[in-house]
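Report on the structure given below.
Residue numbers (the numbering used here): 300 to 414.
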């Protein structure tokens, strides 16, 4: 069974996590490393309530380069307007997706509901 880890704020990361992320980012940026297929066989949802072409593209391309398949959701794609709660939606999505990248338009509370 996979370990679920929610990254909502930087406080969810250890100093070691941050150091590893920065180190890998520098390696990618300088061409010293290439993404591996660590996400091969995984399906990653990309949900952007607040649109951002560059950020959405960056997450999508990164997931694809790491071997994942992606499913994209826009601001009007979740069924909140039909009475389905965000908690119900995320419970169902958690059984279908291996991970979810989200950019919300509201406070941190919306992100916590998605987790």
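Glycine included, every Cβ here is placed at the ideal spot set by N, Cα and C.
> Based on the DSSP output, what are the partners of residue 402 in its beta bridges?
Replying inline: Note: residue 402 sits in a beta bridge opposite 347.
>> For residue 342 and residue 396, which I take to be in contact (beta-carbon distance under 8 Å), what is that distance rounded to the nearest angstrom?
In response: So it is a contact: roughly 5 Å between Cβ atoms.
>> Quick check on residue 340: buried or exposed, where buried means 16 or more other Cβ atoms within 10 Å of its Cβ?
In response: exposed
>> So, for residue 401: in the same chain, excluding its five sequence neighbours on each side, which residues have a beta-carbon less than 7 Å away from its beta-carbon?
In response: 346, 410 and 413
> DSSP beta-bridge partners for residue 371?
Replying inline: 345
>> Can you tell me where the alpha helix (DSSP H) holding residue 395 begins and where it ends?
In response: 385–395
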